[in-house]
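K.L.:
Residue numbers (the numbering used here), protein chains in the order written: chain A, 61 to 191; chain B, 61 to 191. Glycine included, every Cβ here is placed at the ideal spot set by N, Cα and C.
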DNA sequence: ATGCGTGCAAACGATTTGCAGAGAA
DNA sequence: TTCTCTGCAAATCGTTTGCACGCAT
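#1: Just how far apart, CA to CA, sit residue 92(A) and residue 73(A)?
#2: So is residue 183(A) buried or exposed if we call it buried at 16+ other beta carbons inside 10 Å?
#3: If I follow the unbroken beta strand (DSSP E) through residue 129(A), where does it start and stop?
#4: Any residues in the stretch 145-176 of chain B with a beta carbon nearer than 8 Å to a beta carbon of chain A? Which ones, in chain order?
#5: The stretch 176-187 of chain B: which residues have C-beta closer than 9 Å to a C-beta of chain A, in chain order?
#6: With H, G and I counted as helix, E and B as strand and the rest as coil, what does DSSP make of residue 112(A)?
#7: If we count the other Cβ atoms within 10 Å of its Cβ and call it buried at 16 or more, is residue 152(B) buried or exposed?
#8: Mark residue 71(B) as exposed unless 16 or more other C-beta atoms lie within 10 angstroms of its C-beta, in which case mark it buried.
#9: If contacts are defined as beta-carbon pairs under 8 Å, then residue 181(B) and residue 167(A) qualify, I think. What distance do you get, rounded to the angstrom?
#10: Would you mind working out which of 141(B), 86(B), 148(B) and 191(B) sits nearest residue 176(B), comparing C-alpha positions?
#11: List the residues of chain A whose Cβ lies closer than 8 Å to the Cβ of residue 191(B), in chain order.
#12: Any idea what DSSP makes of residue 146(A), helix, strand or coil?
#13: Report the neighbours of residue 125(A) on chain B: residues whose CB is nearer than 8 Å to its CB, in chain order.
#14: Starting from the C-beta of residue 188(A), find all residues in its chain whose C-beta is less than 7 Å away, skip the five residues before and the five after it, and write them out in chain order.
#15: For the alpha helix (DSSP H) that residue 121(B) lies in, which residues bound it at each end?
#16: Which residue comes first and which comes last in the beta strand (DSSP E) that contains residue 177(B)?
#17: Three-state secondary structure (DSSP) at residue 153(B)?
#18: What does the alpha-carbon distance come out to for the pair residue 103(B) and residue 110(B)?
#19: What residues in its chain sit with their C-beta under 6 Å from that of residue 123(A), if we drop five residues either side in the sequence?
#20: Quick check: the Cα distance between residue 107(A) and residue 174(A), rounded to an integer number of angstroms?
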């Protein structure tokens, strides 16, 4: 597996990736767009969406859907993992399920062939709980 | 806790609930609406949405979100449980996680207070895999 | 008679896309 | 120059909501 074609280097591409990297947790395209705007970076919302989707497709970003909104998060390693997400500030930590193999067997027991699974835990992080 | 007010009895309410009950698995409001229409039952899409949301709110239906679309499923007992969903036909079976308590501890270890969690496994059921 | 539940259509909010122009290679 | 990437605005799509009317109670 090789690092896919990077395409052309553009300011917006850079700015968007940096903004996403700096975030502690998940952000929506709109939030990221507002943040950039507030920071003085003028980028079209469409570009933000396109860029975010590209990152997700490339496995460089994780996504979760909350309340019909897609949230993105920079994610270095492409390993499959799950998150512990703060519902208030969006921060997130990785969480390790006891085992993923039981999923296969549990599904197989009912005749299913597993293609994918989602597992996300939501709550309040220490800071937000204190506030 | 008491069985909340049922409200008025109407044809559409009945028809929608029946249609949902007859389904093997998850359905979208739109799919259900089309099905009713095809069956000769004329119900407004808005009513389908309102009814489905009411059922979900009352804990009589489970919901999952797939690709930005909300899917509903009749669900007798209000106990918290997870699903094994067929991506092709929408059929679903219940699945039992090894334990839910580890979630609490895993989260607590990182200072989080858990409020909710989603866990869904997608795949192909025996029939669809064969086809 | 009273007012909840419905249907229709307009409103919505998030995301996508067509198209012409800008800038990277 | 060439062709990808961007920006804007219009278009989608699923879902929600305002409003007037019909029907269950």
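P.N.:
Taking the definition as stated:
#1: 13 Å
#2: Counting Cβ neighbours within 10 Å, residue 183(A) comes out buried, since at least 16 surround it.
#3: 129-134 is the extent of the beta strand (DSSP E) around residue 129(A).
#4: Cβ contacts with chain A come from 146, 147, 153, 155, 156, 158, 159, 162, 163, 166, 167, 170, 171, 172, 173, 174, 175 and 176.
#5: 176, 177, 178, 179, 180, 181, 182, 183, 184, 185, 186 and 187
#6: helix
#7: buried
#8: exposed
#9: 6 Å
#10: 141(B)
#11: Under the 8 Å cutoff, chain A gives no residues; its nearest Cβ is about 12 Å from residue 191(B).
#12: strand
#13: Ordered by position in chain B, the residues that pass the 8 Å Cβ test against residue 125(A) are 125 and 128.
#14: 146, 148 and 149
#15: No alpha helix (DSSP H) holds residue 121(B); the beta strand (DSSP E) holding it covers 121-126.
#16: 173-184
#17: strand
#18: 12 Å
#19: 116, 130 and 132
#20: Distance between residue 107(A) and residue 174(A), taken at the CA atoms: about 34 Å.
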